[in-house]
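Undergrad: Numbering (this note's numbering), first residue to last: 657 to 954. We put the beta carbon where it would ideally sit given N, CA and C, even for glycine. Structure below; questions to follow.
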């Protein structure tokens, strides 16, 4: 008879191996070289948060990605931008949604000092050009962009930081490192790992605003490191789980509901029938699909 005991036992063995490896690595690491304590006073910056949700609709051989980009502008308001894009590959929908997030971030930099984004900034292919334009705008206008990733599946910092290939879970290692730093130095403030350059003017590091919880992975424009008051400001908005609360709100708002998906499918069916079509509805779908064929936000 099948039981869970073998599976549970293997999980414990893997955990013990991981903890043993982390303990061995910690013995070789110096806190003061790898950890930065942020003592800068928070600054009264205007902040915005951006996240996107998406779903796929298939209609008459077309694949249409429905994307909802949510923008939270504390303390005044929040808003959503509903976008439909025709896509060629179902697997590319996430990347398309990320591009729309970059578009929205580019827009928000016009009147917000700091923009928070969910997930890594660095993307592949088409996103590289968009990201360069976004970073250049932030640096040129004295604005700041920070992206936050709760679950890191690939090592992004440790190999660059130590200049060695370390086959270890860096998030777990840095959690232990930051906790050890707090214990040794009695620190209760914001801690980050020493930032490393990832690509161009984008840096990466782990940030822990509250001890006792795993740090969050951050990618940011390089000017953040020259003005740590930005991190002090963001830290005031972070939950006990070390994640910005405005991004939690943006995540909730960005969800594409089943009701909205069904409404869009019904609208396509009505337009497709070409009989007794509401002119306003037809114009809306025409404009949406016109955007989907490549019209840009800027």
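Near residue 658, which residues of its chain fall below 7 Å by C-beta distance, leaving aside the five closest residues on each side in sequence?
TA: One-based indexing of the chain shown puts residue 658 at position 2. With a pLDDT of 37 at residue 658, under the threshold of 50, the modelled position of this residue cannot be trusted; read the value that follows with caution. So the list is empty, once near-sequence residues are dropped.
Undergrad: Check the C-beta distance from residue 869 over to residue 898 and give it rounded, since I have them as a contact under 8 Å.
TA: Start at 1 with the first residue of the chain shown, and residue 869 comes out as number 213. Start at 1 with the first residue of the chain shown, and residue 898 comes out as number 242. Contact flag correct, Cβ pair sits at about 5 Å.
Undergrad: DSSP has residue 831 in a bridge; who is on the other side?
TA: Position 175 of the chain shown, counted from the first residue, corresponds to residue 831. Paired residue(s): none; residue 831 is not in a bridge.
Undergrad: Find out if the Cβ-Cβ distance for the pair residue 772, residue 900 is shorter than 9 Å.
TA: Position 116 of the chain shown, counted from the first residue, corresponds to residue 772. Position 244 of the chain shown, counted from the first residue, corresponds to residue 900. In this structure, residue 900 lies closer than 9 Å to residue 772 by Cβ.
Undergrad: Please classify residue 882: is it buried, with 16 or more other beta-carbons within 10 angstroms of its beta-carbon, or exposed?
TA: For the purposes of this step, residue 882 is taken as the residue at position 226 of the chain shown. So residue 882 ends up on the exposed side.
Undergrad: Buried or exposed, going by whether 16 or more other CB atoms sit within 10 Å of the CB of residue 789?
TA: Locating residue 789 in the chain shown gives position 133, where the first residue counts as 1. Looking at its Cβ environment, which holds fewer than 16 other Cβ atoms inside 10 Å, residue 789 is exposed.
Undergrad: Determine whether the beta carbon atoms of residue 896 and residue 866 lie at a separation below 9 Å.
TA: Position 240 of the chain shown holds residue 896. Position 210 of the chain shown holds residue 866. Result yes, Cβ atoms of residue 896 and residue 866 sit closer than 9 Å.
Undergrad: Could you compute how far the alpha carbon of residue 791 sits from the alpha carbon of residue 848?
TA: For the purposes of this step, residue 791 is taken as residue 135 along the chain shown, with counting starting at 1. For the purposes of this step, residue 848 is taken as residue 192 along the chain shown, with counting starting at 1. Near 21 Å, if we compare the C-alpha coordinates of residue 848 and residue 791.
Undergrad: If I measure Cβ to Cβ from residue 796 and keep anything under 7 Å in the same chain, skipping five residues before and after, which residues do I get?
TA: Working through the chain shown from its first residue, we reach residue 796 at position 140. Within the same chain, residue 796 has no close Cβ partners at all.
Undergrad: With a threshold of 6 Å on Cβ separation, who are the neighbours of residue 884 within its own chain once the five nearest residues in sequence on each side are excluded?
TA: Within the chain shown, numbered from 1, the residue matching residue 884 stands at position 228. Excluding sequence neighbours, residue 884 sits near 694 and 696.
Undergrad: Roughly how many angstroms separate the alpha carbons of residue 919 and residue 905, rounded to a whole number?
TA: Here residue 919 corresponds to residue number 263 of the chain shown, with the count starting at 1. Here residue 905 corresponds to residue number 249 of the chain shown, with the count starting at 1. Cα to Cα, the separation comes out at about 24 Å.
Undergrad: Considering only residues of the same chain and omitting the five flanking positions on each side of residue 681, which have a CB-CB separation below 8 Å?
TA: As a first step, residue 681 must be located in the chain shown, where it is residue number 25. Taken in chain order, the residues that qualify are 822, 824 and 829.
Undergrad: Which of the three DSSP states is assigned to residue 842 in this structure?
TA: Here residue 842 refers to the residue found at position 186 when the chain shown is read from its first residue. Residue state, collapsed to three classes: coil.
Undergrad: Between which two residues does the beta strand (DSSP E) containing residue 739 stretch?
TA: The count along the chain shown starts at 1 and reaches residue 739 at position 83. Looking at the DSSP string, the run of the beta strand (DSSP E) that includes residue 739 is 733 to 743.
Undergrad: Have a look at 709, 678, 922 and 889 and flag the residue whose alpha-carbon is nearest the alpha-carbon of residue 912.
TA: One-based indexing of the chain shown puts residue 912 at position 256. Per the Cα distances, 709.
Undergrad: What would DSSP say about residue 910, mapped onto helix, strand or coil?
TA: Within the chain shown, residue 910 is the residue found at index 254, counting from 1. In this structure, residue 910 counts as helix in the three-state DSSP scheme.
Undergrad: How many angstroms separate the CA atom of residue 835 from the CA atom of residue 811?
TA: Walking along the chain shown from the start, residue 835 turns up at place 179. Walking along the chain shown from the start, residue 811 turns up at place 155. For residue 835 and residue 811, the distance between alpha carbons rounds to 20 Å.
Undergrad: Given a cut-off of 9 Å on the beta-carbon distance, is the pair residue 802 and residue 846 in contact?
TA: As a position in the chain shown, residue 802 is number 146, starting the count at 1. As a position in the chain shown, residue 846 is number 190, starting the count at 1. Against a cut-off of 9 Å, the Cβ pair of residue 846 and residue 802 comes out as no contact.
Undergrad: What did DSSP end up calling residue 619 once you bin it into helix, strand or coil?
TA: The structure shown does not extend to residue 619, since the chain is modelled only from 657 through 954, so no value can be given for it.
Undergrad: What is the C-beta distance between residue 978 and residue 909, in whole angstroms, given that I count them as a contact (C-beta under 8 Å)?
TA: Lying outside 657 to 954, the shown extent of the chain, residue 978 is not represented and no answer is given.
Undergrad: Quick check: the Cα distance between residue 890 and residue 720, rounded to an integer number of angstroms?
TA: By 1-based counting over the chain shown, the position of residue 890 is 234. By 1-based counting over the chain shown, the position of residue 720 is 64. So the two alpha carbons sit approximately 36 Å from each other.
Undergrad: In terms of alpha-carbon separation, which member of 916, 914, 902 and 922 lies closest to residue 734?
TA: Translated into the one-based positions of the chain shown, residue 734 becomes position 78. If we check each option's Cα against that of residue 734, 902 comes out closest.
Undergrad: Is it true that the CB of residue 826 sits closer than 9 Å to the CB of residue 852?
TA: Taking the first residue of the chain shown as 1, we reach residue 852 at position 196. Taking the first residue of the chain shown as 1, we reach residue 826 at position 170. No; because the gap between Cβ atoms is not below 9 Å, this pair is not in contact.
Undergrad: Per DSSP, what kind of secondary structure is residue 792 in: helix, strand or coil?
TA: Here residue 792 is taken as the residue at index 136 of the chain shown, counted from 1. It is helical.
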